[in-house]
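Beneath this line is the structure, given in structure tokens, with notes to follow.
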Amino acid sequence: MSSSTLFPSQLADFHRDGYLIIPDALPPSTVSSLLAETSRLLSILPLESHPLTRFRTGGESGEDHTGDDYFLSSGDKIAYFFEEDAFSPSGDLLKPKHLAVNKVGHYLHVLSPPFAQLLSPSNHEIKAKPAEVARALGFRDPRCLQSMVILKQPEIGGAVPPHQDSTFLYTDPPSAVGFWYALEDATLENGCLSFLPGSHRWSAIERRLVRKEGGGTEMVDNQGEKFPGGEEYGKTGEGREEGGEYVPGEVKAGSLVLIHGNLLHKSERNTSQKGRIIYTFHIIEGAEEFEYDERNWLQPPEEGFTKLYS
1 MSSSTLFPSQ LADFHRDGYL IIPDALPPST VSSLLAETSR LLSILPLESH
51 PLTRFRTGGE SGEDHTGDDY FLSSGDKIAY FFEEDAFSPS GDLLKPKHLA
101 VNKVGHYLHV LSPPFAQLLS PSNHEIKAKP AEVARALGFR DPRCLQSMVI
151 LKQPEIGGAV PPHQDSTFLY TDPPSAVGFW YALEDATLEN GCLSFLPGSH
201 RWSAIERRLV RKEGGGTEMV DNQGEKFPGG EEYGKTGEGR EEGGEYVPGE
251 VKAGSLVLIH GNLLHKSERN TSQKGRIIYT FHIIEGAEEF EYDERNWLQP
301 PEEGFTKLYS
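Position 72 of the sequence shown, counting from 1, maps to 72 under the UniProt record's numbering, and the rest follow consecutively.
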């Protein structure tokens with residue numbers, strides 16, 4: 001593979017399965033740099049002035065998704081969200097902050113130079129450059145709308161139930177694709193991702209996470225398009241069931257996983273002694289016929305969502 005694009009066979013795998021694993025997408029030097037930046041960000045977290053907002057991974061209602069105002073205003077900031085089990089029943093933090101934070105986001109791709117460098121067209125160190133991957137996937141005006149470090153902490157890292165990213169990052173029609181980089185090895189023991197292959201072709205975006213009138217978020221029925229355009233989507237067929245067999249995606253540090261916005265995927269609780277740090281960002285299609293409305297929980301900053309094409 002060249003330094004910037006995908007083989008036709010890889011594209012075929014992505015379109016068939018809804019995800020694609022690219023080993024060694026990041027060189028060890030970049031992985032080390034991003035881990036060092038993660039440590040720095042955790043070290044400057046001021047516990048005394050932080051609302052200690054917990055990140056809740058489940059719940060169909062969407063209510064109290066992560067602490068309402070702090071969560072809803074984090075789209076253009078670097079914010080911190082804690083593991084639910086990092087607290088005692090009375091609300092006291094049970095772990096040091098570097099072992100208690102679940103997520104740091106959602107504007108790392110702009111405000112943190114090491115993470116922003118991944119989107120730079122002048123970055124020649126990485127395989128599968130995001131802009132070229134987006135071009136290979138058919139994006140005309142890809143926009144990065146959120147980014148985050150997720151730390152599935154040892155012993156308390158929460159399970160994430162089956163979900164589709166376009167439920168949370170909805171365009172009409174759906175267009176989201178996730179770029180998921182392992183900064184540490186992701187294994188069955190520490191809660192690697194699992195995928196339901198091919199589910200992006202038959203699993204509709206039936207619900208959306210939206211802003212609720214008066215504050216907070218809620219899940220509502222999706223009244224818009226439920227699949228991307230294309231005749232391969234929305235058909236019944238074999239394996240059309242959420243109870244199908246999920247395939248674990250164990251990957252080494254430096255790997256990139258591309259995830260279609262309609263794909264059902266999940267991760268289990270981390271009960272091991274080893275953490276699982278990853279960096280992920282999502283892109284959507286910014287072309288004018290793709291509507292990103294004011295109901296979405298994440299609203300664009302003044303300068304708009306970040307363009308991948310210069």
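Here a beta-carbon is modelled for each residue, glycine too, at the ideal position from N, C-alpha and C. Being a predicted model, the structure only gives us computed values, none of them experimental.
Can you give me the Cβ contacts of residue i inside the same chain, cut-off strictly under 7 Å, excluding the 5 residues immediately before and after it?
{"i": "Phe-115", "result": "Leu-34, Glu-37, Leu-108, His-109, Ser-147, Tyr-279"}
{"i": "Lys-77", "result": "Tyr-107"}
{"i": "Glu-268", "result": "Ala-159, Gly-191"}
{"i": "Pro-197", "result": "Asp-17, Gly-18, Val-247"}
{"i": "Gln-117", "result": "Asn-123"}
{"i": "Gly-62", "result": "Since pLDDT at Gly-62 reaches only 49, below the 50 mark, its modelled position is unreliable, and no value is offered."}
{"i": "Ser-272", "result": "Pro-154, Glu-189, Asn-190"}
{"i": "Gln-164", "result": "Ser-203, Ile-205, Gly-261, Asn-262, Leu-263, Leu-264"}
{"i": "Gly-304", "result": "none"}
With DSSP as the reference, identify every bridge partner of residue i, one or two as the case may be.
{"i": "Lys-127", "result": "Answer by DSSP bridge pairing: none, since Lys-127 is not bridged."}
{"i": "Phe-87", "result": "Leu-93"}
{"i": "Asp-221", "result": "Arg-207"}
{"i": "Tyr-70", "result": "Looking at the DSSP assignment, Tyr-70 forms no beta bridge with any residue, so it has no partner."}
{"i": "Val-251", "result": "Ala-186"}
{"i": "Thr-53", "result": "DSSP output for Thr-53 lists no bridge partner at all."}
{"i": "Lys-266", "result": "Ser-194"}
{"i": "Lys-307", "result": "Arg-143"}
{"i": "Tyr-107", "result": "Ser-147"}
{"i": "His-260", "result": "Val-177"}
Using CA coordinates, which residue listed in the options is at the minimum distance from residue i?
{"i": "Asn-102", "options": "Ser-120, Phe-81, Gln-117", "result": "Phe-81"}
{"i": "Ala-186", "options": "Thr-171, Glu-294, Pro-248, Gly-18", "result": "Pro-248"}
{"i": "Thr-53", "options": "Leu-41, Ser-74, Ser-39", "result": "Ser-74"}
{"i": "Ile-282", "options": "His-260, Ile-22, Lys-274, Glu-294", "result": "According to the sequence as given, residue 282 is His; it is not Ile. With distances taken between Cα atoms, His-282 lies closest to His-260."}
{"i": "Gly-158", "options": "Val-220, Asn-270, Glu-48", "result": "Asn-270"}
{"i": "Gly-244", "options": "Ser-194, Gln-153, Val-31", "result": "Ser-194"}
{"i": "Ile-150", "options": "Trp-180, Ala-176, Asp-68", "result": "Trp-180"}
{"i": "Asp-68", "options": "Gly-230, Trp-297, Glu-303", "result": "Trp-297"}
{"i": "Ser-310", "options": "Phe-227, Pro-174, Leu-119", "result": "Leu-119"}
{"i": "Leu-169", "options": "Pro-28, Leu-41, Glu-285", "result": "Glu-285"}
{"i": "Ala-100", "options": "Leu-42, Ser-112, Gly-138", "result": "Leu-42"}
{"i": "residue 376", "options": "Pro-300, Arg-276, Ser-88, Gly-138", "result": "Nothing in the structure corresponds to residue 376, since the chain is present only between 1 and 310."}
{"i": "His-200", "options": "Glu-189, Lys-235, Gln-223", "result": "Lys-235"}
{"i": "Phe-87", "options": "Ala-204, Phe-71, Tyr-70, Pro-51", "result": "Pro-51"}
{"i": "Ser-112", "options": "Pro-142, Ser-39, Glu-84", "result": "Ser-39"}
{"i": "Val-104", "options": "Asp-13, Pro-28, Ile-44, Ala-287", "result": "Ile-44"}
{"i": "Ala-176", "options": "Arg-143, His-15, Gln-299", "result": "Arg-143"}
{"i": "Phe-14", "options": "Gly-229, Phe-290, Val-257, Glu-289", "result": "Val-257"}
{"i": "Gly-178", "options": "Ile-156, Asp-221, Gly-215, Ala-134", "result": "Ala-134"}
{"i": "Gln-223", "options": "Asp-293, Glu-132, Pro-28", "result": "Asp-293"}
{"i": "Ala-79", "options": "Ser-49, Ser-90, Pro-89", "result": "Ser-49"}
{"i": "Lys-274", "options": "Gln-299, Thr-30, Lys-152, Gly-230", "result": "Lys-152"}
{"i": "Phe-290", "options": "Glu-232, Phe-227, Lys-266, Val-31", "result": "Phe-227"}
{"i": "Gln-299", "options": "Glu-288, Ala-287, Leu-145", "result": "Leu-145"}
Return yes when the C-beta of residue i is under 6 Å from any heavy atom of the ligand ATP, and no when it is not.
{"i": "Ser-112", "result": "Here there are no bound small molecules, and the ligand ATP is not part of this structure."}
So, at 6 Å on beta carbons, what are the nonlocal neighbours of residue i in its own chain, with the 5 sequence-adjacent residues on each side left out?
{"i": "Ala-182", "result": "Val-251, Ala-253, Ser-255, Ile-278"}
{"i": "Glu-302", "result": "none"}
{"i": "Glu-232", "result": "Arg-201"}
{"i": "Pro-89", "result": "none"}
Quick one: measure Cβ to Cβ for residue i and residue j, integer angstroms, because I've assumed they're closer than 8 Å.
{"i": "Ala-136", "j": "Thr-5", "result": "6 Å"}
{"i": "Asp-172", "j": "Glu-225", "result": "5 Å"}
{"i": "Lys-95", "j": "Leu-47", "result": "Not really, about 11 Å apart at Cβ, beyond 8 Å."}
{"i": "Glu-213", "j": "Arg-276", "result": "With a Cβ gap of about 37 Å, Glu-213 and Arg-276 do not count as contacting."}
{"i": "Leu-264", "j": "Pro-162", "result": "5 Å"}
{"i": "Pro-130", "j": "Leu-308", "result": "6 Å"}
{"i": "Arg-211", "j": "Arg-295", "result": "6 Å"}
{"i": "Asp-85", "j": "Ile-156", "result": "4 Å"}
If you measure from the beta carbon of residue i to each beta carbon in chain D, is any gap under 7 Å?
{"i": "Pro-173", "result": "Here chain D cannot be found, since the structure has a single protein chain."}
Looking only at its chain, what residues have a beta carbon closer than 8 Å to the beta carbon of residue i, apart from the 5 residues adjacent to it on each side?
{"i": "Glu-238", "result": "Its pLDDT being 47, under 50, Glu-238 is placed unreliably in this model, and the value from its coordinates should be taken loosely. Within the same chain, Glu-238 has no close Cβ partners at all."}
* Which parts of the region 109 to 186 are runs of the beta strand (DSSP E), unbroken and 3 residues or longer, counting only runs that do not cross its ends? -> 142 to 152, 160 to 163, 177 to 182
* **beta strand (DSSP E) segments (min. 3 residues) lying fully within the region 273 to 302** => 276 to 285
* Give, in chain order, every unbroken run of the alpha helix (DSSP H) that is at least 4 residues long and sits entirely within the region 6 to 50. => 8 to 17, 28 to 43
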